[in-house]
Amino acid sequence: MCNFEPCLHSGVSEIEGRLPCSRLVVLCRNEAVLKWMSSCDHLMYQALVEILIPDVLRPIPSALTQAIRNFAKSLEGWLNNAMNVIPQRMIQTKVAAVSAFAQTMRRYTSLNHLAQAARAEQASWVCQCEEGVVQRLEQDFKATLQQQSSLEQWAAWLDNVVTQVLQPFEDRPSFPRAARQFLLKWSFYSSMVIRDLTLRSAASFGSFHLIRLLYDEYMFYLVEHRVAQATCETPIGVMGEFDDLNAMSPAYMDKDEVSEMDSDLEEDMEESGEPLAKREKAELQHEHEVIQVGALEDGSNPVVGVVQPGILHSLPHPPQDHAEHILTPSAATPTIRRCSATGNTYASV
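Quick note on numbering: my numbering labels position 327 of the sequence shown as 679, and the sequence is numbered without any gaps.
Here's what the structure looks like:
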């Protein structure tokens, strides 16, 4: 039997002869080296993701799914134990990359599990979804729903939605921020549908909730890859770089957008010579006054009276013991008796 141990020690000695450990430690503190190492880790982990889960919608055996999740759960601890003599700055860089990889694997396995569970629920969800809820959704969503589309067709629709929403921000620095804003709005809209189903005690709530989880996760998956493509990064790199909410702050907005908003405000003030809030307050003073709406006592249609400011003061004052006004419209309509200044009962005379 061949013994490879001498060859291994020989190879290590040769490497240490070319690059002593002390110099290696110095290199591990260099920012350029750390950045290059982070990029290499992202490429390696992205390759692992594509090997382990090439298609998030394709069925994966449950044993493999559990093995992947256990591997992702333990990976960060293994790496920390193996790097006890490495400079702290390099440890942080390596751990950040492997943490993004582990989180991605957990998300993708969860998405795959939801996809398989959704296949069995999808047809019944389409049939049971209330018409009132469907009418509030986007027109293309309704069309896809009424066609009883397959999971793959829904995935294609979601991909088309992302393309339409993010296309105006392509090749612009604000693309990552726009992507995250879209995810927030998507999550808010789907939450409102869930809220409506809950308040209505809808029978389709359980099925829709499952579908909603699937679509939210798959939408995040699509946006993640679009941001990676736009920033010339890997999806793993995107997870590591934009892992905080600062990417959604106004500081990440395109300077052209900020300048355009400032210009609009300046032009608005120049045209009027006074602030917008002051003009709006002045305009409110010229609004019409509306007489309270009420139904006719004879069952006719309700009466709505709209008058200019000051007209009510010119109406004849009623006697002290009887609060009413007699209003005479055009000849084509009957005279209307207005009972009291704030009453809501009207009678034709």
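The beta-carbon is built from N, C-alpha and C at its ideal position, and this holds for glycine as well.
This one's a predicted model, so the numbers in the text were calculated from it and none came from an experiment.
Contact belief for residue i with residue j at Cβ below 8 Å, rounded distance in angstroms
i	j	result
Glu428	Ser391	With a Cβ gap of about 19 Å, Glu428 and Ser391 do not count as contacting.
Phe493	Leu535	At roughly 17 Å, the Cβ-Cβ gap does not stay under 8 Å, so Phe493 and Leu535 are not in contact.
Val408	Ala467	7 Å
Glu569	Arg459	7 Å
His527	Ala454	Sequence check: residue 527 is Phe here, not His. Not really, about 26 Å apart at Cβ, beyond 8 Å.
Phe521	Ala530	4 Å
Ser456	Met591	It is Thr, not Ser, that sits at residue 456 in the sequence shown. So it is a contact: roughly 6 Å between Cβ atoms.
Three-state secondary structure (DSSP) of residue i
i	result
Met457	helix
Leu371	coil
Asp568	helix
Glu522	coil
Ser462	helix
Asp407	coil
Met435	coil
Pro587	helix
Phe356	Note on Phe356: pLDDT 34, under 50, position unreliable in the model; the coordinate value appears next. Residue state, collapsed to three classes: coil.
Ile563	helix
Ser451	helix
Gln581	helix
Ile420	helix
Ile443	helix
Ser330	Any answer about residue 330 is impossible in this case: the structure gives the chain only from 353 up to 701.
Ser426	helix
Where the alpha helix (DSSP H) containing residue i begins and where it ends
i	result
Thr550	Phe527 to Leu551
Cys392	Glu383 to Leu404
Ala555	Segment: none, Ala555 is in no alpha helix (DSSP H) and carries neither H nor E.
Gln498	Gln491 to Gln498
Distance between residue j and residue i (C-alpha atoms, nearest Å)
i	j	result
Arg532	Leu416	31 Å
Asn515	Lys537	It is worth fixing the name first, because residue 515 is Thr in this sequence and not Asn. The alpha-carbon atoms of Thr515 and Lys537 are separated by roughly 15 Å.
Asn432	Val545	43 Å
Cys398	Val378	It should be noted that the sequence gives Gln, not Cys, for residue 398. Gln398 and Val378: Cα-Cα distance of roughly 28 Å.
Pro413	Lys387	37 Å
Glu368	Asp511	50 Å
Cys584	Arg552	46 Å
Leu404	Ile588	14 Å
Ala554	Leu562	14 Å
Leu549	Trp509	23 Å
His394	Ala449	6 Å
Gln499	Leu463	24 Å
Ala419	Val401	14 Å
Tyr541	Gly558	17 Å
Gly657	Ser543	At Gly657 the pLDDT is 42, less than 50, meaning the model places this residue with poor confidence; the figure from the coordinates comes in the next sentence. Taking the straight line from one Cα to the other gives about 41 Å.
Ala580	Tyr567	20 Å
Val513	Gln519	10 Å
Ser426	Ser502	36 Å
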